[in-house]
Structure formats: structure tokens, C-alpha cells
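Position in the sequence shown (first residue = 1) + 1195 = this note's numbering. For reference, the structure discussed in these notes is given below.
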Amino acid sequence: MIRFDQSLGFDQFARNLKPEQISLEVLRGKGQLRNLELNEEVISERLEFPPWLKIVKAHCSSVTVKIPWTQIKSAPVQLCVEELQVVIRLVTPTSPNILKKTSPTHNKSYDLPERVLECLSLYVQSIEIYFETEKSRMPSFHEWNGQIPKINMTRIHERTLGQVLFFKHVSWRVLKIEASHNNNNNLNEKQTRRGSALNSPLRLLTENGRCRITIKKNTSDCSLIAGRMELLFDEIHWLAYMAHLRSAIDFYQHIMDLANLSSNILPKQLSVHQFDQQKNSTVSASSTSHVSNSNINVFRQHDITQSSHHLLISRIDLHLCDDSSAEDLPPDWNIDSGAMQATILKLRVDFYPQHKVFETDGKQSSRSNWLRYVAPNTFTDLANRQLDHHFGLINSKMDSNTRLRFERIWPQLVSANVVIRIEDLIIQAISERNTKKEDIAYLIEVNTSLKNRMPQPLSFAHLEITSYNFPATDSYPVPPNSVYLMLAPFVLIPDTKSIRWLIYAFENILNSLEAPQHCIIKQDNSNDKQVEIRIEMIMPK
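Following this line, the structure appears as C-alpha cells:
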């Protein structure tokens, strides 16, 4: 019996993997494993789950392994999983011990087993994901079909830099997502009467989704330098009633409370570690800038200098319907079963958690390496002016000794950036039960002819949210958070019925929600950070 489980590192992912479970035909390179209990701690660590999200159980019914021994360096090892069941729990983080690593990677070497693990081809016939909590449940997606790529087409190894880039691609045809939040403990009598039990599940139907993952590692110790994840959806359809919106918003509040609580518990060393990894990556790349060959040019063309997360949805169809009963409506209500449809085209959301504000030479970063982002632009010019202004303002309030220390640490400033872009937006006016399709008017519509005449490509809405921090210390003040919004020309046709229905819908939802009490973080309002907000609306002459 050949122990391929240990040689390739499979044993670290399974708890009950034993030699007698392995049926391997050595010459044919095939093996099969049954009823595997996966190691949820190792999986959570490898996937870098946030501390408020925990895998409590992972079971695999059957795994078929195909190993191309004669082409182990050029062809991937194939894992075919028949059924995978994963149970995930939303937990309240209580201590920094949740960051404990199960298997440190700094002693590893980038040898053949590590390269084989990176280039695995994984096929899953059925995945079932459950949220084990009273808050949510989310089932799953099925079926994948594709061709087996060559390893050299999914990895770029640059030996001069001592770094490797490898690429993963996950695709599915249909993905059904269901999530809900059920918290009836704090509802008063009025809220219960209005049917706001917050137990209506949020259901989303997506078509032709893809996930692209790029990972950059150091070949000397197999440490992770940076990663990029892109979620791409062709279409998302959502038919929502008032109860669905209440459930979605309340579930979002619950997750944000857990995330905020965990951010106050996490030690500062986590940000320092991420900053040092990016710094070492930059130094390594700059020290070999004199090398010029085809391989390093290809590597730099696909290189990622910082971790980021991206979401692109080509089209979102949102149908919002009113399911209120007659006794819940105002006495003079004249809208019969109101409904409204909104269509969003090309929604892009980009998140850069640790963006270095300054380059190694002290100049401000140009954001030229951001994905699908044209820089410099109005946003970068404004951010640069604000940084110069606040640096002088903070400096002027310090004594000479503190000023010297602050000037030394200022180049280490990092920012967390969220960029949201909407290419086009159409919102229809309110329609009633007897409204004909040809009678439905537009409430908001982008003026495409004027937008296309702009000197540079312009989205309907471009929003950037930025916050700053020093990764090594929180003893020095940082520039205030900034919010910048730019709107392209659009047409707004006021409709009294639509405006009244929207006001009623917002009031109905807001009055039904209460923040969960177990995760509220008490803060001193005197220490609230200042936020700079700028809104620009481009209108025709």
C-alpha cells in the first residue's frame, strides 16, 4: 500500500483517514476514499474565514482520486467528490485565540507535494451548505462541467523573484441562495401585528456564475503574499416582499455586529503581518527590476501587489412587492397591491483591505494596479489633496519630538478602500394590480446620450469609501474617513404615488427592525471619527 495521502498532504484535510480506507491501483493511478470527515479547522484556516464564521462540520461521501504519475509535473491530480456537506455556524468571537493557526507554514519548502496540492483539479457533483443557527440557512449549488487544463496554463513560477502565481476558476450554471434572520424576542405588539416576524427567507437566483481566484505565494517558505478573488454573475433575479427585505436587512445587521465585534478583538499584529508581507513582496520585486526576460514579463503582467475582493454582476432585476394587509395600511391609502421594478446594469464592487498609500520612494500610490480602474482621476486627485492637507494639519498640533516620530511613521499609512460602480440604472414607477405593462412609466432613467458625450467613460454612479490606519500602532491620529460620490446625468420624473409608496415602504421596514442586543458595542461618542463627504452631479448645460 502506497501512502499517497501523506506524501501529498491529504491527511491534514481529513480527520479519519486511515490506510485501510484507501483503495489504490498503483499502476493505473486511481484511488477511492469513502465517508471522510474533513478537518474543519484546517479548511477554515486555508480559506481564511473571518472569526465570526466557523465551519463546524464537513463530510464527504465519496472521493475518487486520479493521479497521472507519468505526467505529475504537467497534468493535475483530479479529485472527484460525489457529495459534500458543510455546516457553517455564525459565532460571536470572544477572544483572540480564534486566530490560532493549526499548522504553521513558515517551515515548509516549496517542493513537489506543495506544487501538486496547488494545482489540484476538484470536481464536486453536489454541495450542500447549511448555516447551523437560528439566524440563517443557505443551500447550495449543483453541477459543473468543463475541461481539464494543463498545469502550466494555471501557474506562473518566477524563480528569480522566488514567487509563484497560480489561478483557480470555479463556475456554475445556477446558484440558489437562501438566507434569513429570525429574531422575535424583542418585537413589540405593534411590530408583531404588522407581520414583521423577520422569518421570511431571502431568496436569490443567479445564473452563469464564476469565481476567479489568484494566489501569490513565496516559494522559499510557502507563505501567502497576496490573493485576489473575483465573483462574476451574469444575472441575479430577486422577487422580494416587505418581509423579505426586513429579513435581509436584519440578517445583514447581525453579520455586521459580529464583524464589528471581531474587529475590536483581533490583535493588531494581524495587520502588521499583512503589511510586512506586502512590503517584502515589493522589496523583492524592486530588487530584481534589472532582470528582463519573457517569463518575468509575463509574471509582472499578471502580478498582484495587494489582496483584494471583487464582485461584478452584469444585470440585477429587483421586483419589490407590497404584501401588507388592509388593516396595516393608512386609512386614505389608494394603491392596490403596489409593486416596483428596478434594473441595475453592471454593478461592480471592489474592496482593497490593505492598500499602501505611499510607494517605497515616498510618493503617493497611483492605484494603477487596481482592477478595472483608470488612474489617475478625479477621485485620486482629491484623495492626494486631502492627504497633504491633513498631514500638515496633524503636524501643526504636535511638539517637535512627536512630529519627528510621526513623520517617520507617516509613509506606513494604509487605507481600506471600497469602490462601487453602477453602469446604468432604471427604476420604474409604481404599478398596481390592474396596471398594464405599456402604461408603466420610468421614475429614474440614465440619460445615455449625454453620458456617452462625456470626455471620458463615466458610470451612472461611482462611489468610493476610504478609511485610514497605521498597521503598527494606533497611537497617532489618521486622516478622517472620506466618502466621494459622482453621479452621471439622469432623468428623474416625479410621481406622487411612487414617492408615497416608497416612503411607506421605508417606514414599514425601519419601524420593524431592532439591532441585536447581544452584539452591540458601546462606544464613546466623543471619539467618533470625522467623515468627509463630497457629492458631485454632472448635469448638461
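Glycine included, each C-beta is placed from N, C-alpha and C at the ideal position.
query	result
Going straight from the alpha carbon of L1705 to that of T1287, what length do you get?	25 Å
Taking Cβ positions, are P1672 and I1589 nearer each other than 8 Å?	yes
Give the secondary structure of V1493 by DSSP, where H, G and I count as helix, E and B as strand, and everything else as coil.	helix
Restricting to Cα atoms, I'd like to know which of S1561, D1583, H1584 and F1586 is closest to T1575.	S1561
For S1256 and L1233, what's the separation of their Cα atoms in angstroms?	11 Å
Out of curiosity, what's the CA-to-CA distance linking I1431 and F1601?	48 Å
Threshold first: 4 residues or longer. Then list the alpha helix (DSSP H) segments lying entirely within the stretch 1587-1625, N to C.	1595-1604
Assuming V1276 contacts V1319 under a Cβ cut-off of 8 Å, what Cβ separation, rounded to an integer in Å, is found between them?	5 Å
Using alpha carbons as the reference points, say which of T1630, I1733, I1635 and V1678 lies closest to P1652.	I1733
Can you tell me whether DSSP reads D1416 as helix, strand or coil?	coil
How many Å lie between N1676 and H1504 at the Cα?	20 Å
Suppose you measure from the CA of H1657 to the CA of E1727; what does that come to, to the nearest Å?	16 Å
Can you tell me whether L1294 is helix, strand or coil according to DSSP?	Legend: pLDDT at L1294 = 46, less than 50; position of this residue unreliable, no value from coordinates given.
Just verifying my parser: in three-state terms, what is the DSSP assignment at N1529?	coil
Between the alpha carbons of F1428 and I1617, how many angstroms are there, rounded?	14 Å
My assumption, with CB atoms under 8 Å, is that S1626 sits in contact with A1534. Please give the rounded CB distance.	5 Å
Look up S1662 in the DSSP assignment and say whether it is helix, strand or coil.	strand
Starting from H1550, follow its DSSP beta bridges and name the residues at the other end.	S1610
Provide the residue(s) that pair with Q1536 in DSSP beta bridges, ordered along the chain.	H1514
Determine the burial state of D1669: buried for a count of at least 16 other Cβ atoms within 10 Å of its Cβ, exposed for fewer.	exposed
Within the continuous beta strand (DSSP E) that includes F1685, where are the two ends?	F1685 to L1687
Between the C-alpha atoms of T1691 and R1543, what's the straight-line distance to the nearest angstrom?	31 Å
From I1715 to I1450, what distance separates their C-alpha atoms?	At I1715 the pLDDT is 45, less than 50, meaning the model places this residue with poor confidence; the figure from the coordinates comes in the next sentence. Approximately 12 Å, taken between the alpha carbons.
Can you tell me the Cα-Cα spacing of S1610 and T1661, whole angstroms?	6 Å
Please report the straight-line C-alpha distance between M1681 and E1731, rounded to a whole angstrom.	5 Å
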